[in-house]
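> Got a structure for you, written out below as structure tokens; questions coming shortly.
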Amino acid sequence: GRIATLGEEIYEPRRNIPRAIIVTLLVSMAFYLAVGFVAVGAGGVETLAAATMQQAAPLEVIAARFRLPAVAPLIACGAVTAMLGVLLNLILGLSRVAFAMARRGDFPHGLCRMHAANSTPYAAVILVGLIIAGLALLGNVKTTWSFSAFSVLIYYAITNLAAVRLSASERLYPRFVPWCGLVSCLFLAFWVEPRIWMMGLCLIGLGWIWQRVALGRRGK
106 GRIATLGEEI YEPRRNIPRA IIVTLLVSMA FYLAVGFVAV GAGGVETLAA ATMQQAAPLE
166 VIAARFRLPA VAPLIACGAV TAMLGVLLNL ILGLSRVAFA MARRGDFPHG LCRMHAANST
226 PYAAVILVGL IIAGLALLGN VKTTWSFSAF SVLIYYAITN LAAVRLSASE RLYPRFVPWC
286 GLVSCLFLAF WVEPRIWMMG LCLIGLGWIW QRVALGRRGK
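Going by this note's numbering, 289 is the number at position 184 of the sequence shown; the sequence numbering is gapless.
As structure tokens, this is what we get:
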């Protein structure tokens, strides 16, 4: 997703973005399968399932079964490092989305401000960082990741919808591909708790009202 978000900054995006997405998916799938096989083999399906439901870091529980003192702390450090990578990924991608929306008038124009030295949208980066920090302060990991999952799936559903509406000359793949992505994202998005998707739909409604008001002001 972030690869596509950075389309303006990529050389020959029409050729390189699909390649980068496919390679990223294959590498990620290989890592997930490897970790899953090791976790199931070390602790068993029942232990892994129970740890996933009861612990914030189930792999640390599995690592403790190796009876090596350094394994569990190493897994914990790896998890923290991975989360920092996710955080940087979110700030990188969402700040560019906020910058693009500000440039077309959907967000306040102040978010278009660019850093003089490195040409990054620093105002959008600061705003996104503050929003992420606010969500982290909720203190409830399950609520935060559920809301994040719903938001990301809706985001990708909209992306697939945009791909469906492309003309035949602009499309790289048959139309059924984005249709499958659209249906899959919407189906998975509503598997979270009802209060999560209801709150998400309310925010989407508020965003739609904001966008209508912004369009009306531009029309005047």
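Every residue gets a Cβ at the ideal spot worked out from N, C-alpha and C, and that includes glycine. This structure is a prediction, so every number in the text was calculated from the model and none was measured.
#1: Does residue 218 come out as helix, strand or coil in the three-state DSSP assignment?
#2: Pop quiz: residue 290 and residue 267 are said to be a contact at Cβ under 8 Å. What is the actual Cβ separation, rounded to whole angstroms?
#3: When you compare the CB positions of residue 237 and residue 195, do they come within less than 9 Å of one another, or not?
#4: Contact between the region 159-175 and the region 131-149: three or more CB pairs below 8 Å?
#5: Going straight from the alpha carbon of residue 208 to that of residue 130, what length do you get?
#6: Please report the residue range of the alpha helix (DSSP H) in which residue 212 lies.
#7: Here's a check: name, in chain order, each residue in its chain whose Cβ is nearer than 6 Å to the Cβ of residue 170, leaving out the five neighbours to either side.
#8: Could you compute how far the alpha carbon of residue 308 sits from the alpha carbon of residue 258?
#9: Pick from 143, 249 and 269: whose alpha carbon is nearest that of residue 284?
Judging by the given coordinates:
#1: Note: residue 218 maps to coil in three-state DSSP.
#2: Between the beta-carbon of residue 290 and that of residue 267 there is about 12 Å, and that puts the pair past the 8 Å contact cut.
#3: Yes, the pair counts as a contact, with Cβ atoms nearer than the cut-off.
#4: Counting C-beta pairs with one atom in each stretch, the region 159-175 and the region 131-149 have three or more that are closer than 8 Å, which means they touch.
#5: Approximately 31 Å, taken between the alpha carbons.
#6: DSSP places residue 212 in no alpha helix (DSSP H); its state is neither H nor E.
#7: Same-chain partners within the cutoff: 147 and 148.
#8: If you take the alpha carbons of residue 308 and residue 258, they lie about 15 Å apart.
#9: Out of 143, 249 and 269, 269 has the C-alpha closest to the C-alpha of residue 284.
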